[in-house]
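Novice: If you're matching positions, the sequence shown starts at 14 in my numbering and goes up one per residue. Glycine residues also receive a C-beta, built at the ideal position from the N, C-alpha and C atoms.
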Amino acid sequence: MKRQLLVSYLITLLILVQVFGQPLVGVKKMVVREMEVLPGCTYNTTATVTLVFDSDTVLNFTDYVAYGSEGDASSTVDIYGSRLVDGFRATSFRNLNVTKGYTLKYSVPVRNLFNISLDILADGKEVTLNCSGGYCVGVALKARSINYSLTIVPLDPMFSNLQLPVSVSWSVDPMYLYPVAFSDSPQSMRESGSEVSFQWSSVMNGSYHLSVVFEVRGENPWGEVFVPSPIITITLDPRVQSMLISKYKEYTKKFLGSSLGNLSAFQDNATQLRDLLYNLSKGFREQARLLGEAGSQAESAASIMLTASSQLKVLAQMTQEMRNSVAGQLGNVSTLINRTRAVLERASKNATVTEEQLQVILQTLNLTNSNVTLTEIKQMIDSSLSSIGEAETLLEKYGSTIRDLDRLIDQSTAAAENMATAANKLILMANMLREASYNLNQLADGLARAADLLDSMI
14 MKRQLLVSYL ITLLILVQVF GQPLVGVKKM VVREMEVLPG CTYNTTATVT LVFDSDTVLN
74 FTDYVAYGSE GDASSTVDIY GSRLVDGFRA TSFRNLNVTK GYTLKYSVPV RNLFNISLDI
134 LADGKEVTLN CSGGYCVGVA LKARSINYSL TIVPLDPMFS NLQLPVSVSW SVDPMYLYPV
194 AFSDSPQSMR ESGSEVSFQW SSVMNGSYHL SVVFEVRGEN PWGEVFVPSP IITITLDPRV
254 QSMLISKYKE YTKKFLGSSL GNLSAFQDNA TQLRDLLYNL SKGFREQARL LGEAGSQAES
314 AASIMLTASS QLKVLAQMTQ EMRNSVAGQL GNVSTLINRT RAVLERASKN ATVTEEQLQV
374 ILQTLNLTNS NVTLTEIKQM IDSSLSSIGE AETLLEKYGS TIRDLDRLID QSTAAAENMA
434 TAANKLILMA NMLREASYNL NQLADGLARA ADLLDSMI
């Protein structure tokens with residue numbers, strides 16, 4: 014059972030090349046931190062950086078990744094050097110020929126940002142796991158249920174005070190496992206012939222916990238059940254990026270201070286810092302705009318979902334009223350059929366007179382002109398009983414339809430509640446995005462003012 018956590022966040026900014034006199038180049042940057050987790054084992058975390066350039070030029074530059082660690086780096090192009098500098102992983106490239114839209118990817122080892130704990134129970138008892146080669150094996154003979162619990166806690170205090178969006182996706186084979194209980198109901202669940210997929214979207218407030226109980230439905234030829242790993246994506250709040258930029262500014266300040274003895278070097282450093290601040294301001298302002306648009310889209314989607322939820326509730330109520338009316342009518346018909354059957358069955362039992370006795374009865378009733386025979390009377394009774402049997406079969410089919418309608422009403426009601434819950438979470442996310450957009454705009458204004466001040470000093 015291999016466990017994997019993906020932590021990603023997007024930073025859009027302009028990178029200033031590190032050699033004075035080179036042109037400024039716009040670059041979009043995305044950092045994805047991927048963590049592989051095995052219960053009781055060391056985490057393996059790698060940051061994959063994607064840089065997309067917006068112009069044609071030849072560059073020498075150094076890119077920085079926060080929370081770096083020692084280890085080998087890899088890239089789609091040759092790396093000039095990669096080392097740890099004040100907690101940042103600094104990776105340098107030389108004579109890189111880029112064109113508009115050119116994409117550069119490189120990966121470096123980084124520190125873990127979150128602590129992940131996994132607990133697995135079989136029929137309520139803890140399972141001891143032996144892990145090697147990226148997988149874990151546990152023995153639980155004849156177990157009929159598996160409880161899979163995970164807890165995520167930030168390691169850096171700066172994340173504990175922030176609301177971080179969390180998304181969990183999971184897929185299992187229903188031939189072997191089927192989810193029967195959740196600590197938190199999934200926002201979506203889709204079932205096909207060979208796969209059951211479900212997904213949660215939530216917000217981490219200091220920590221995040223999720224527990225899923227699976228029913229064991231089958232085993233492979235070796236008597237084993239494979240439990241696939243969930244994929245967890247945590248998006249870092251834009252405010253975290255501003256904190257990282259603050260740390261980078263501190264590093265830049267130290268670097269600048271070491272050059273105060275040389276006025277020419279100081280001027281070069283100040284010019285680079287000014288341009289860096291301008292570029293950061295521009296990048297954060299663009300990201301603020303994107304976050305504002307995302308907030309509006311989330312709010313619009315939430316409004317649509319709330320409307321749909323309300324319509325589903327009305328439809329479920331109308332269907333319930335229709336079902337109650339039809340069920341009442343069917344009950345009346347069933348009662349009438351039962352009474353008719355009882356009368357016909359008594360009539361059939363009493364039809365034991367002879368033809369001569371029948372004729373006497375008919376004469377007594379002044380029905381001597383009737384051509385009705387005893388055989389015809391019995392045939393009419395049997396035919397009526399047969400028709401009643403067909404009516405009872407039809408009533409049973411209608412009863413099955415009523416039961417299907419009950420399930421449909423329950424599903425519609427549950428879907429409406431889930432949709433309303435998801436809409437409220439979208440509204441919360443929209444507010445968070447707007448707040449982040451406002452903060453980024455404030456940050457962009459501050460960086461621009463700092464750049465103006467530096468420009469006046471050069």
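Taking C-alpha atoms, which residue in 157, 83, 107 lies nearest to residue 99?
Specialist: Working through the sequence shown from its first residue, we reach residue 99 at position 86. Comparing Cα positions, the closest option is 83.
Novice: Which of the three DSSP states, helix, strand or coil, is assigned to residue 319?
Specialist: Position 306 of the sequence shown holds residue 319. In the structure shown, residue 319 sits in a helix (DSSP, three-state: H, G or I).
Novice: Tell me whether residue 348 is buried or exposed, calling it buried when 16 or more other Cβ atoms sit within 10 Å of its Cβ.
Specialist: For the purposes of this step, residue 348 is taken as residue 335 along the sequence shown, with counting starting at 1. That one is exposed.
Novice: With a floor of 3 residues, list each beta strand (DSSP E) that falls wholly inside the segment 186-215, ordered by position along the chain.
Specialist: Listed in chain order, the complete beta strand (DSSP E) runs (minimum 3 residues) inside the segment 186-215 are 190-195, 201-204.
Novice: From residue 34 to residue 73, what distance separates their C-alpha atoms?
Specialist: Taking the sequence shown and counting its residues from 1, the one referred to as residue 34 is at position 21. Taking the sequence shown and counting its residues from 1, the one referred to as residue 73 is at position 60. Note that residue 34 has pLDDT 47, beneath the 50 cutoff, so the model's placement of it is unreliable and no number is given.
Novice: Give the straight-line distance between the Cα atoms of residue 248 and residue 237, rounded to the nearest whole angstrom.
Specialist: Numbered from 1 along the sequence shown, position 235 holds the residue referred to as residue 248. Numbered from 1 along the sequence shown, position 224 holds the residue referred to as residue 237. Their backbone Cα atoms lie some 35 Å apart in a straight line.
Novice: Please classify residue 86 as buried or exposed, where buried requires at least 16 other C-beta atoms within 10 Å of its C-beta.
Specialist: As a working note, residue 86 is residue 73 in the sequence shown. Buried is the call here.
Novice: Taking just the CA atoms, how far does residue 80 sit from residue 159?
Specialist: On the sequence shown, position 146 is the one that residue 159 refers to. On the sequence shown, position 67 is the one that residue 80 refers to. Cα to Cα, residue 159 sits roughly 36 Å from residue 80.
Novice: By Cβ distance below 7 Å, which residues in the same chain neighbour residue 10 in space, the five residues on each side in sequence not counted?
Specialist: The first residue shown for the chain is 14 and the last is 471, placing residue 10 beyond what the model contains.
Novice: Provide the residue span of the alpha helix (DSSP H) that contains residue 170, from first to last.
Specialist: Residue 170 sits at position 157 when you count from the first residue of the sequence shown. Looking at the DSSP string, the run of the alpha helix (DSSP H) that includes residue 170 is 170-173.
Novice: Please go through the same chain and pick out, in chain order, the residues whose beta-carbon is closer than 6 Å to the beta-carbon of residue 60, but skip the five residues on each side of it.
Specialist: For the purposes of this step, residue 60 is taken as residue 47 along the sequence shown, with counting starting at 1. 44, 46, 78, 121, 123.
Novice: Determine whether the beta carbon atoms of residue 329 and residue 429 lie at a separation below 8 Å.
Specialist: In the sequence shown, counting from the first residue as 1, residue 329 sits at position 316. In the sequence shown, counting from the first residue as 1, residue 429 sits at position 416. Yes, the pair counts as a contact, with Cβ atoms nearer than the cut-off.
Novice: Can you tell me whether residue 317 is buried or exposed? The criterion is at least 16 other CB atoms within 10 Å of its CB, across all chains shown.
Specialist: Looking up residue 317 in the sequence shown gives position 304. Exposed, because fewer than 16 other Cβ atoms sit within 10 Å of the Cβ of residue 317.
Novice: Under DSSP, the beta strand (DSSP E) around residue 94 begins and ends at which residues?
Specialist: Stepping through the sequence shown from its first residue, residue 94 is reached at position 81. First-last of the beta strand (DSSP E) with residue 94: 94-98.
Novice: Can you pull the DSSP bridge partners for residue 306?
Specialist: Taking the first residue of the sequence shown as 1, we reach residue 306 at position 293. Answer is none; residue 306 lacks a bridge partner.
Novice: So which of 203, 193, 222 has the shortest CA-CA distance to residue 230?
Specialist: Within the sequence shown, the letter at position 217 stands for residue 230. The shortest C-alpha separation from residue 230 is found at 193.
Novice: If I follow the unbroken beta strand (DSSP E) through residue 113, where does it start and stop?
Specialist: Along the sequence shown, read from residue 1 onward, the residue named residue 113 stands at position 100. Careful: residue 113 lies outside any beta strand (DSSP E) and carries neither H nor E.
Novice: State the Cα-Cα distance for the pair residue 91 and residue 305, rounded to the nearest angstrom.
Specialist: For the purposes of this step, residue 91 is taken as the residue at position 78 of the sequence shown. For the purposes of this step, residue 305 is taken as the residue at position 292 of the sequence shown. Residue 91 and residue 305: Cα-Cα distance of roughly 38 Å.
Novice: Compare the C-alpha of residue 68 against each of 413, 89, 95, 38 and name the closest.
Specialist: Residue mapping note: residue 68 aligns to position 55 of the sequence shown, counting from 1. Nearest of 413, 89, 95, 38 to residue 68, Cα basis: 38.
Novice: Pull up the CB-CB distance for residue 200 and residue 213, whole angstroms please, since I reckon it's below 8 Å.
Specialist: Residue 200 sits at position 187 when you count from the first residue of the sequence shown. Residue 213 sits at position 200 when you count from the first residue of the sequence shown. That belief holds up - the Cβ atoms of residue 200 and residue 213 are roughly 6 Å apart, short of 8 Å.
Novice: Along the chain, where does the beta strand (DSSP E) that runs through residue 160 open and close?
Specialist: In the sequence shown, the residue the question calls residue 160 occupies position 147. 158-167 is the extent of the beta strand (DSSP E) around residue 160.
Novice: Buried or exposed for residue 410, please, with buried defined as at least 16 other CB atoms from any protein chain shown within 10 angstroms of its CB.
Specialist: In the sequence shown, residue 410 corresponds to position 397, counting from 1. Looking at its Cβ environment, which holds fewer than 16 other Cβ atoms inside 10 Å, residue 410 is exposed.
Novice: Quick one, are the C-beta atoms of residue 422 and residue 332 less than 8 Å apart?
Specialist: The residue given as residue 422 occupies position 409 in the sequence shown. The residue given as residue 332 occupies position 319 in the sequence shown. Yes, the pair counts as a contact, with Cβ atoms nearer than the cut-off.
Novice: Put residue 417 into one of helix, strand or coil per three-state DSSP.
Specialist: Here residue 417 is taken as the residue at index 404 of the sequence shown, counted from 1. Three-state result, residue 417: helix.
Novice: Is it right to say residue 355 is buried, meaning 16 or more other beta carbons lie within 10 angstroms of its own, or is it exposed?
Specialist: Here residue 355 refers to the residue found at position 342 when the sequence shown is read from its first residue. Residue 355 is exposed by the Cβ-count criterion.
Novice: On the three-pair Cβ rule with 8 Å, is the segment 160-169 touching the segment 210-225?
Specialist: With the cut-off at 8 Å, the segment 160-169 and the segment 210-225 touch.
Novice: Is it true that the CB of residue 51 sits closer than 8 Å to the CB of residue 149?
Specialist: Indexing the sequence shown from 1 puts residue 149 at position 136. Indexing the sequence shown from 1 puts residue 51 at position 38. Yes, the Cβ-Cβ distance between residue 149 and residue 51 is below 8 Å.
Novice: Under a three-way DSSP split, which group does residue 65 fall into?
Specialist: Taking the sequence shown and counting its residues from 1, one reaches residue 65 at position 52. Of the three classes helix, strand and coil, the one that applies to residue 65 here is strand, per DSSP.
Novice: Apart from the five residues just before and just after residue 401, which ones in its own chain have a Cβ nearer than 8 Å to its Cβ?
Specialist: Here residue 401 refers to the residue found at position 388 of the sequence shown. Answer for residue 401: 350, 353, 354, 357, listed in chain order.
Novice: Return the chain-ordered list of same chain residues with a C-beta closer than 6 Å to the C-beta of residue 195, the five sequence neighbours on each side being excluded.
Specialist: Stepping through the sequence shown from its first residue, residue 195 is reached at position 182. Correct list, in chain order: 225.
Novice: Looking only at DSSP bridge pairs, what is residue 143 linked to?
Specialist: Translated into the one-based positions of the sequence shown, residue 143 becomes position 130. For residue 143, which the question treats as bridged, DSSP gives the partners 150.
Novice: For the beta strand (DSSP E) that residue 72 lies in, which residues bound it at each end?
Specialist: As a position in the sequence shown, residue 72 is number 59, starting the count at 1. Element bounds for residue 72: 70-78.
Novice: Assign residue 427 to one of two classes, buried (16 or more other C-beta atoms within 10 Å of its C-beta) or exposed (fewer than that).
Specialist: Translated into the one-based positions of the sequence shown, residue 427 becomes position 414. Residue 427 is exposed by the Cβ-count criterion.
Novice: For residue 197 versus residue 215, is the C-beta spacing smaller than 8 Å?
Specialist: Reading the sequence shown from its first residue, position 184 is the one you call residue 197. Reading the sequence shown from its first residue, position 202 is the one you call residue 215. It is a contact, given that the beta carbons lie within the stated cut-off.
Novice: If residue 245 sits next to residue 181, beta carbons under 8 Å apart, how far is it from one beta carbon to the other, in whole angstroms?
Specialist: Position 232 of the sequence shown, counting from 1, holds the residue named residue 245. Position 168 of the sequence shown, counting from 1, holds the residue named residue 181. Going by Cβ atoms, the distance from residue 245 to residue 181 rounds to 5 Å, so yes, they are a contact pair.
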